[in-house]
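Q:
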Amino acid sequence: MRTILRLATRILFISYLSTTYCQSKMVPIKGGTYTPLYGRDSLQVTISDFEIDVYPVTNSEYLEFVKKYPKWQRSQVKKIFADGNYLREWTSDTQLGKLKSLNAPITNISWFAASDYCECQGKRLATIDEWEYVAMANKTMPDARTLEDYNKYILSWYEKPKTFNNPIGSTFKNYWGVYDLHGLVWEWTLDFNSVLVSGESRKDVDNDSNLFCGSAAIGATDLMNYAAFMRYATRGSLKAKYAMKNLGFRCVKDIIK
Amino acid sequence: MKVKQKPMMLPYILMALMLTLSFTACIDNEKEEHADAADISVSKEMIAELASPPNVPTPIGRRKAKKLIVKMEILEQEGTMTDGTTYNYWTFGGSVPGSFIRTRVGDEVEFTLSNHPDNKLPHNIDLHAVTGPGGGATSSFVAPGHEKKFNFKTLNPGLYVYHCATAPVGMHIANGMYGLILVEPAGGLPVVDKEYYVMQGDFYTKGENGDPGLQAFDMQKAVDEDADYVVFNGKVGALTGDNAITANVGETVRLYVGNGGPNLVSSFHVIGEIFDKVMVEGGDLINKNVQTTLVPAGGAAIVEFRVDVPGTFILVDHSIFRAFNKGALGMLKVKGEENKKIYSGVVQEGIYHPEGGAIQTMPDDENAKVAVASSEKSLAEKMESGKNIYMKTCFACHQAEGQGIPNAFPPLAKSDYLNADVNRAIEIVLKGKAGEITVNGKKYNSVMTRQSISNDEIADVMTYVYNSWGNNKTNVTKRQVDAVKNGH
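Line by line, the protein sequences give chains A and B. Letter by letter, the first sequence follows residues 7 to 263 in my numbering. Letter by letter, the second sequence follows residues 1452 to 1939 in my numbering.
1) Reducing DSSP to helix, strand and coil, say where Asp99 (chain A) ends up.
2) Are the beta-carbon atoms belonging to Lys74 (chain A) and Phe170 (chain A) less than 9 angstroms from one another?
3) Name, please, each residue of chain B whose Cβ falls closer than 7 angstroms to the Cβ of Tyr248 (chain A).
4) Report the CB separation of His1574 (chain B) from His1623 (chain B) in whole angstroms; it is logged as a contact under 8 angstroms.
5) Output the boundary residues of the alpha helix (DSSP H) element that contains Asn1626 (chain B).
6) What are the residues of the region 1666-1677 of chain B that lie near chain A, defined by any Cβ-Cβ distance shorter than 7 angstroms?
7) Determine, using beta carbons only, whether Asn199 (chain A) comes closer than 9 angstroms to chain B.
8) In the DSSP assignment, what are the bridge partners of Phe1543 (chain B)?
9) Which of the three DSSP states is assigned to Ala1876 (chain B) in this structure?
10) Of the residues B:Pro1508, B:Met1532 and B:Ile1498, which one's Cα is nearest the Cα of Gly1778 (chain B)?
11) Can you give me the C-alpha to C-alpha distance between Ser200 (chain A) and Glu136 (chain A), rounded to a whole angstrom?
12) Would you mind reading off the limits of the beta strand (DSSP E) that contains Glu1835 (chain B)?
13) Let me check one thing: in DSSP terms, what residues is Lys1739 (chain B) bridge-paired to?
14) Report yes or no: do the region 181-193 of chain A and the region 80-91 of chain A share at least 3 C-beta pairs separated by less than 8 angstroms?
15) When the Cα atoms are used, what is the spatial distance from Ala1871 (chain B) to Thr1925 (chain B)?
16) When you compare the region 1633-1648 of chain B with the region 1507-1526 of chain B, are there three or more beta-carbon pairs, one atom per stretch, that lie closer than 8 angstroms?
17) If we count the other Cβ atoms within 10 Å of its Cβ and call it buried at 16 or more, is Met1497 (chain B) buried or exposed?
18) I'd like to know if Glu1529 (chain B) contacts chain A, where contact means its C-beta is closer than 9 angstroms to some C-beta of that chain.
19) For Thr1563 (chain B), which residues of its own chain have a beta-carbon under 6 angstroms away from its beta-carbon, when the five flanking residues on both sides are left out?
20) In angstroms, rounded to a whole number, what distance separates the CA positions of Lys259 (chain A) and Gly1621 (chain B)?
21) Against chain B, does Lys251 (chain A) count as a neighbour if the rule is that its beta carbon must be under 9 angstroms from one of theirs?
22) With DSSP as the reference, please indicate the residues paired to Phe1680 (chain B) in a beta bridge.
23) Locate the beta strand (DSSP E) running through Gln1666 (chain B), then write down its first and last residues.
24) Examine chain B for any beta-carbon lying closer than 9 angstroms to the beta-carbon of Asp155 (chain A), and answer yes or no.
25) Mind checking whether Tyr61 (chain A) and Lys36 (chain A) have CB atoms under 9 angstroms apart?
26) Please list, in chain order, the residues of the region 1536-1569 of chain B that have any C-beta partner in chain A closer than 7 angstroms.
27) Please classify Lys1784 (chain B): does DSSP put it in a helix, a strand, or coil?
28) Using three-state DSSP, classify Pro1814 (chain B) as helix, strand or coil.
29) In chain A, which residues lie less than 8 angstroms from Met1913 (chain B) when you measure between Cβ atoms?
30) Does DSSP put Pro1505 (chain B) in a helix, in a strand, or in coil?
31) Going along chain A, which residues have a C-beta under 7 angstroms from Leu1578 (chain B)?
32) Between the beta-carbon of Val1681 (chain B) and the beta-carbon of Gly1711 (chain B), is there less than 9 angstroms?
33) Taking a contact to mean a Cβ-Cβ separation below 9 angstroms, would you say Pro1747 (chain B) touches Val1649 (chain B) in this structure?
34) As a quick exercise: from B:Lys1843, B:Pro1663 and B:Leu1631, pick the residue whose alpha carbon is nearest that of Phe1772 (chain B).
35) Which residues share a DSSP beta bridge with Gly1609 (chain B)?
36) Helix, strand or coil: how does DSSP classify Glu1702 (chain B) here?
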């Protein structure tokens, strides 16, 4: 444990030195093997070490980005890369909407935009498996998925309106030191559409028995499924050009040894 | 946005069938009827009129089948569950149940489902009136800030439920995502005088029934089918008091009754009426002279009855604790001339004590939860709590505005009897009352059972009554109630 921490601080320090001033803070994630709740198959997946942004990308960071890369300004953007909701509430190409706070997560961006943003920083979007791996932690445990509290927190967020305008860091800091994975906005993942949710959820139930094989145990398992279902359903409803008011993103980076 | 259209083989097959049979005269055969519906051609386009409960759109009458444009918006929004309690509803069209859609057989419905940008979740719609995979669910799965369009032809007449079918389906339905779509036969349903839209649903909240504040959805209770609220039209009191549905003596009333569930089956009953006609499960089968009809979760029924006498008729789920304790209660107020032949009203009343016992009393509840003692509350707090108690305990007889029910239950509004003696009033609540009394010049000879509520609650509810409807504004304290209770 202590060695991991020491390693973590060291990597943190190095990455701090190596990143440019405008890049957001990242923390290292120690890879591992786990069983995703709902995936392509019931096999375990192995995650390599990587770094992840501590916070989702903010309005102000994205504003700088579009100033630097005008092709991502609202009037310039190619329609196949972003639909009509792209930066919808901004008052102009380089001005946020009146009600948007600089420190709130950027939303209303497409997958293409998010992906390009990360690329321009020398990063990439997280895969679903990576994202879920980090997001299954609560404050103290790397995998809190079976805890009732953890799932209740997520479920209660689904019912809270307009959390997209809350500042970053306003939810809890998890085991890895990452904020806002739950409770602020949905986040784009690299392969968001790789788990097929057809939209006919009841059909999915028939097709993907993995989804329910553990559900004989009622209680935490059910809650766990429900909390995650909504996330997978949301991802399943997306297309890469979609922009949504409750959907933002953060970036990750491979650790090259 | 492009809508993928699945090749529809069925209509072509049926059309061919139709052609081969076109020389035969008889069209009673079920298959042919079906072929008929798929074969009905549409003439013009028309924007569907949608109605929010308890109203329904205008009947289709004699209109021909048309291309019917239906636009529905999904809104996730906070609303009132009962006085002092709110809930985050997910709705089709901003109401629970969702907007009523009225079509006729052969209509080609172009359905656009829009998901409001402020919403957090993707949704879709499964209309039981649709013949096709998922009832439209597959084609209508839509992310917030987007819309989806799909088409279907109405083949079978009847009253159908629609609902959201996005994972977790149960949660979407439990949060209010259901409504009714009516498919009228050619020529329309027979004309009646009044039509209303009533839909039952069960709700599961973190707190218990009546707990104040914004209540979150409770998944575990939903799985256990342990409902906190069972209501008509999305909330307690959606069809009572000023919101009651109305009719006049001699009119025929038709209720489109649905049940969204997610869990409970409704035993739908109107107290004091017999359904002359029930279109069982919303289909073609007509049953006559029915007292209570079952409405399955995810199902519907059409009930019709002529109202012959004036009065208030109570709509209930006759699984009766749901009606009186969880909210499944509505009212139909009928105005007009009395008809003593059909219903005489009370002719005589007395007390019957086979063993000299009290009526309808519960053991003194020593463990009653006393959140805040009445004496510590401000008048405003007492009024609020008193109102809640009133709506649960007193309202059934004395009515929402304290007006009582003529000849049966005396009024509390501007009541000379009430205002004359506060201790007498306390005693009646504590111990009940029987026999003739005169209130505002009218004689009542009725029975009030003693009420099993705590002294704190009595103080609150009486303060509410005394400070409402033109009464003398007495602030009743718990001490007064204690004194009356102990003094006799």
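From the three backbone atoms N, C-alpha and C, an ideal C-beta is built for every residue, glycine too.
A: In short, the structure shows the following:
1) As a position in the first sequence, residue 99 (chain A) is number 93, starting the count at 1. Correct three-state label for Asp99 (chain A): coil.
2) Locating residue 74 (chain A) in the first sequence gives position 68, counting from the first residue. Locating residue 170 (chain A) in the first sequence gives position 164, counting from the first residue. No, Cβ-Cβ distance for Lys74 (chain A) and Phe170 (chain A) is not below 9 angstroms.
3) In the first sequence, the residue the question calls residue 248 (chain A) occupies position 242. Result: Ala1594 and His1597.
4) For the purposes of this step, residue 1574 (chain B) is taken as the residue at position 123 of the second sequence. For the purposes of this step, residue 1623 (chain B) is taken as the residue at position 172 of the second sequence. About 7 angstroms; that satisfies the 8 angstroms criterion.
5) As a working mapping, residue 1626 (chain B) is identified with position 175 in the second sequence. Element bounds for Asn1626 (chain B): n/a, residue is neither H nor E.
6) Ala1667, Phe1668, Met1670 and Val1674
7) Locating residue 199 (chain A) in the first sequence gives position 193, counting from the first residue. By this cut-off, Asn199 (chain A) is not an interface position.
8) Indexing the second sequence from 1 puts residue 1543 (chain B) at position 92. Its beta-bridge partners are B:Ile1525 and B:Ser1546.
9) The residue labelled residue 1876 (chain B) in the question sits at position 425 within the second sequence. Assignment of Ala1876 (chain B) by DSSP, reduced to helix, strand and coil, places it in the helix class.
10) Start at 1 with the first residue of the second sequence, and residue 1778 (chain B) comes out as number 327. Minimum Cα distance to Gly1778 (chain B) is reached at B:Met1532.
11) To locate residue 200 (chain A), count along the first sequence from 1; it is residue 194. To locate residue 136 (chain A), count along the first sequence from 1; it is residue 130. In a straight line, the C-alpha of Ser200 (chain A) is about 13 angstroms away from that of Glu136 (chain A).
12) To locate residue 1835 (chain B), count along the second sequence from 1; it is residue 384. Per DSSP, Glu1835 (chain B) belongs to no beta strand (DSSP E); it is in the alpha helix (DSSP H), Leu1830 to Thr1844.
13) Position 288 of the second sequence, counted from the start, is the residue given in the question as residue 1739 (chain B). According to DSSP, which records beta bridges pairwise, Lys1739 (chain B) is partnered with B:Lys1728.
14) no
15) On the second sequence, position 420 is the one that residue 1871 (chain B) refers to. On the second sequence, position 474 is the one that residue 1925 (chain B) refers to. Spanning the two alpha carbons is a distance of roughly 11 angstroms.
16) yes
17) As a position in the second sequence, residue 1497 (chain B) is number 46, starting the count at 1. Met1497 (chain B) is exposed by the Cβ-count criterion.
18) Your numbering for residue 1529 (chain B) matches position 78 in the second sequence. Taking Cβ atoms only, chain A reaches closer than 9 angstroms to Glu1529 (chain B), which makes this a yes.
19) Numbered from 1 along the second sequence, position 112 holds the residue referred to as residue 1563 (chain B). The answer, listed in chain order, is Lys1522, Glu1598 and Lys1600.
20) For the purposes of this step, residue 259 (chain A) is taken as residue 253 along the first sequence, with counting starting at 1. For the purposes of this step, residue 1621 (chain B) is taken as residue 170 along the second sequence, with counting starting at 1. One C-alpha to the other measures close to 38 angstroms.
21) Here residue 251 (chain A) refers to the residue found at position 245 of the first sequence. True, the Cβ-Cβ gap to chain B drops below 9 angstroms.
22) Walking along the second sequence from the start, residue 1680 (chain B) turns up at place 229. First, the amino acid is wrong: residue 1680 (chain B) is Tyr here, not Phe. Tyr1680 (chain B) pairs with B:Phe1654.
23) In the second sequence, residue 1666 (chain B) corresponds to position 215, counting from 1. From DSSP, the beta strand (DSSP E) with Gln1666 (chain B) extends over Gly1664 to Gln1666.
24) By 1-based counting over the first sequence, the position of residue 155 (chain A) is 149. Taking Cβ atoms only, chain B never reaches closer than 9 angstroms to Asp155 (chain A), which makes this a no.
25) Within the first sequence, numbered from 1, the residue matching residue 61 (chain A) stands at position 55. Within the first sequence, numbered from 1, the residue matching residue 36 (chain A) stands at position 30. In this structure, Lys36 (chain A) does not lie closer than 9 angstroms to Tyr61 (chain A) by Cβ.
26) Asn1539, Pro1568 and Asp1569
27) What you label residue 1784 (chain B) is simply residue 333 of the second sequence in a count that begins at 1. Correct three-state label for Lys1784 (chain B): strand.
28) Along the second sequence, read from residue 1 onward, the residue named residue 1814 (chain B) stands at position 363. Legend: pLDDT at Pro1814 (chain B) = 47, less than 50; position of this residue unreliable, value from coordinates given subsequently. Coil, per DSSP.
29) Looking up residue 1913 (chain B) in the second sequence gives position 462. The contacting residues do not exist; Met1913 (chain B) stays about 37 angstroms from chain A at best.
30) For the purposes of this step, residue 1505 (chain B) is identified with residue 54 of the second sequence, where counting begins at 1. Judged by DSSP in its simplified three-state form, Pro1505 (chain B) adopts coil rather than helix or strand.
31) As a working mapping, residue 1578 (chain B) is identified with position 127 in the second sequence. What Leu1578 (chain B) touches in chain A: nothing, since even the nearest Cβ is about 13 angstroms away.
32) Translated into the one-based positions of the second sequence, residue 1681 (chain B) becomes position 230. Translated into the one-based positions of the second sequence, residue 1711 (chain B) becomes position 260. Taking 9 angstroms as the Cβ cut-off, Val1681 (chain B) and Gly1711 (chain B) do not qualify as a contacting pair.
33) For the purposes of this step, residue 1747 (chain B) is identified with residue 296 of the second sequence, where counting begins at 1. For the purposes of this step, residue 1649 (chain B) is identified with residue 198 of the second sequence, where counting begins at 1. For Pro1747 (chain B) and Val1649 (chain B), no; Cβs fall outside 9 angstroms.
34) Mapped onto the second sequence, residue 1772 (chain B) falls at position 321. Nearest C-alpha to Phe1772 (chain B): B:Lys1843.
35) Along the second sequence, read from residue 1 onward, the residue named residue 1609 (chain B) stands at position 158. B:Val1634.
36) Locating residue 1702 (chain B) in the second sequence gives position 251, where the first residue counts as 1. Coil, per DSSP.
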